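Colleague: The sequence shown: position 217 = 217 (UniProt numbering), numbered continuously. Glycine residues also receive a C-beta, built at the ideal position from the N, C-alpha and C atoms. These figures come from a predicted structure and were not determined experimentally. Sharing a structure here in structure tokens format.
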Amino acid sequence: MTDLTVSERLADWLADFDLSTVPAAARRAAADTILDTVCLTVAALETDYGRSVRAAFPDPGPATVWGLPEGRAPEAAAVINGTCGHGEDYDNTFEGCPVHSGVVIIPALLAAAERYGLSATDTARGIVAGIEVMCRLGLVADKAVHKAGFHPTAVLGAMSAAAGVATALRLDRTAIRNALGVAGSTASGIIEYLADGSSTKRLHAGWAAQAGMRAAALGAAGFTGPTTVFEGDHGFFYAFSTPRATDFAPLVDDLGTRWEAARLAFKPFACGTMTQPYVDAAIALARRGIRPEDVVRITCDVGEGTVHRLWEPLALKQQPPTPYAAKFSGPYCLAAGWVWGDAGLAQFTETSVRDPRVLSLAAKVNFRIDPANEYPANYTGHIKAELADGTIAESFIPCLRGGARAPMTREDLLVKARANLAFAGRDSAAADRLASWADALMEGTGTPTSGLLRC
């Protein structure tokens, strides 16, 4: 047993964090995260929300907004990069709790590297540390943060970005502990965007990135935060989880030997994580020659924890009001995959979400809660389609494609990255150069800044 608080135990590990102890799988996942995150950010710069967030944070400075020639103040760059990177919900995630570590940690650490002139080694240390903490916090949170009405990426992200930046800055144990304590009071992000598909979810990643940067700066300056920020009677999980999370073993046990950062999931489709296996299931039925017009009714077996985000209210999910709302609609995503064979950026435009053939099929989609569904430990997709001739066509996807059980290869991720750059009218070959730069960075060589990031 130990008398140390949770933040003290975490700070002890972060203060001694050594890049050489990080396994190759975790470094590769971090490099893949850089590739995925940067190209997604560039793809979203000229969206309505991309232009809005850029206009809202115009302060010039030395930090890079990926894909733009002009710099911004470091915190402003972190907000813009995180918001655009997360904007299409196409960014990496984590099975066990759907936290999007890439769009929080990469914007925070690369902006911090430019602000403080960090070495490649220290930047890489901070990236892996931040990702590891965020995934572990997700395991502690499980479904409880969503149930309380908060967005895990937002609230867990602020804590994790603080951990990552503090590690990169080589702060001592006391300063790291204080940075975590401060971050507990700057974390925020409610999930009411589910009601109308508004843009606040997009902001959550960028806001968490800059909040973590500021918390680390405060800790470095001697500002104090509560030592019992995680487990206290009025602490982080008291505020942000229902029921209150009290088991912190997933966060602090086996630090340095069990690497959650090596188990990141990358998305093949531009929509909510839990919808992805249902898209694959629908595509499988379409490939069997089953036409949407032959379908009378579709029933999806789902996990109870996904219902309030993806399946209810059912009438609204069957006819989402905006392209962004469509990303969190099980019926729409399934129908898009069935009709178009894909659910990429092109399937979530103003025109696409009003396509009569897709909406007609989405209107036939219902769901039932399957008590045996493994969510959130595993993401599956199970569809039963009743056809006009009375037969039942069934499709089951046993795991998340792109997740730990069926990972995407580097070439898969390059294909995705090239397509996202091309979607934005950029040179798709830049993805290959970016991947090589990210690999070198995660080996602690080269520089955390690159002309590839400004274009």
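DSSP state of LYS147, grouped into three classes?
Modeller: To locate residue 147, count along the sequence shown from 1; it is residue 147. Helix at LYS147.
Colleague: Less than 8 Å separating the beta-carbons of THR359 and TRP338?
Modeller: Within the sequence shown, numbered from 1, the residue matching residue 359 stands at position 359. Within the sequence shown, numbered from 1, the residue matching residue 338 stands at position 338. Just to set this straight, residue 359 is Leu in the shown sequence, not Thr. Cβ distance not < 8 Å, so LEU359 and TRP338 don't count as in contact.
Colleague: Using only the alpha-carbon positions, how far apart do VAL307 and ALA77 sit?
Modeller: The residue you call residue 307 lines up with position 307 of the sequence shown. The residue you call residue 77 lines up with position 77 of the sequence shown. Distance between the alpha carbons of VAL307 and ALA77: 35 Å.
Colleague: Going by DSSP, name the residue or residues bridged to LEU387.
Modeller: By 1-based counting over the sequence shown, the position of residue 387 is 387. BP columns for LEU387 point to VAL295.
Colleague: DSSP three-state call for VAL365: helix, strand or coil?
Modeller: For the purposes of this step, residue 365 is taken as residue 365 along the sequence shown, with counting starting at 1. The answer is strand: DSSP assigns VAL365 an E or B state.
Colleague: I'd like to know whether the C-beta atoms of VAL252 and GLY219 end up nearer to each other than 8 Å.
Modeller: The sequence position of residue 252 within the sequence shown is 252, counting from 1. The sequence position of residue 219 within the sequence shown is 219, counting from 1. It is not a contact, given that the beta carbons lie outside the stated cut-off.
Colleague: Is DSSP giving ALA195 helix, strand or coil here?
Modeller: Here residue 195 refers to the residue found at position 195 when the sequence shown is read from its first residue. DSSP places ALA195 in helix when its eight states are reduced to three.
Colleague: Span of the beta strand (DSSP E) holding SER395?
Modeller: In the sequence shown, counting from the first residue as 1, residue 395 sits at position 395. SER395 -> beta strand (DSSP E) spans 392–397.
Colleague: Can you tell which of GLY390, GLN319, ARG309 and LEU387 has its C-alpha closest to the C-alpha of ARG357?
Modeller: Taking the sequence shown and counting its residues from 1, the one referred to as residue 357 is at position 357. For the residues GLY390, GLN319, ARG309 and LEU387, the minimum Cα distance to ARG357 belongs to GLN319.
Colleague: Per DSSP, ASP301 is paired with what?
Modeller: Reading the sequence shown from its first residue, position 301 is the one you call residue 301. Looking at the DSSP assignment, ASP301 forms a beta bridge with ARG368 and HIS382.
Colleague: Could you check whether the region 378–386 touches the region 278–293, counting it as contact only if at least three pairs of C-beta atoms, one from each stretch, sit closer than 8 Å?
Modeller: Contact holds: three or more Cβ-Cβ distances are below 8 Å.
Colleague: If we count the other Cβ atoms within 10 Å of its Cβ and call it buried at 16 or more, is GLU132 buried or exposed?
Modeller: Stepping through the sequence shown from its first residue, residue 132 is reached at position 132. By the 10 Å Cβ count, GLU132 comes out buried.
Colleague: If you scan the region 59–101 from start to end, which runs of the alpha helix (DSSP H) of 4 or more residues do you find wholly inside it?
Modeller: 74–86, all fully within the region 59–101.
Colleague: Run the CB neighbour count on GLY256, radius 10 Å, all protein chains shown included, and call it buried at 16 or more, exposed below.
Modeller: For the purposes of this step, residue 256 is taken as residue 256 along the sequence shown, with counting starting at 1. It is exposed - the Cβ of GLY256 has fewer than 16 other Cβ atoms within 10 Å.
Colleague: For LEU334, name the three-state secondary structure that DSSP assigns.
Modeller: The sequence position of residue 334 within the sequence shown is 334, counting from 1. The answer is helix: DSSP assigns LEU334 an H, G or I state.
Colleague: Out of curiosity, what's the CA-to-CA distance linking VAL128 and CYS84?
Modeller: As a first step, residue 128 is located in the sequence shown; it is residue number 128 there, counting from the start. As a first step, residue 84 is located in the sequence shown; it is residue number 84 there, counting from the start. About 21 Å.
Colleague: Can you tell me the Cα-Cα spacing of LEU400 and ALA262, whole angstroms?
Modeller: For the purposes of this step, residue 400 is identified with residue 400 of the sequence shown, where counting begins at 1. For the purposes of this step, residue 262 is identified with residue 262 of the sequence shown, where counting begins at 1. About 16 Å.
Colleague: Can you tell me the Cα-Cα spacing of LEU345 and ASP172, whole angstroms?
Modeller: By one-based count along the sequence shown, residue 345 stands at place 345. By one-based count along the sequence shown, residue 172 stands at place 172. Going by the C-alpha atoms only, they are around 43 Å apart.
Colleague: Here's the rule: buried if 16 or more other CB atoms are within 10 angstroms of the residue's CB, otherwise exposed. What is GLY184?
Modeller: Numbered from 1 along the sequence shown, position 184 holds the residue referred to as residue 184. It is buried - the Cβ of GLY184 has at least 16 other Cβ atoms within 10 Å.
Colleague: Below 8 Å between beta carbons: does that hold for ARG51 and GLY61?
Modeller: Here residue 51 corresponds to residue number 51 of the sequence shown, with the count starting at 1. Here residue 61 corresponds to residue number 61 of the sequence shown, with the count starting at 1. For ARG51 and GLY61, no; Cβs fall outside 8 Å.
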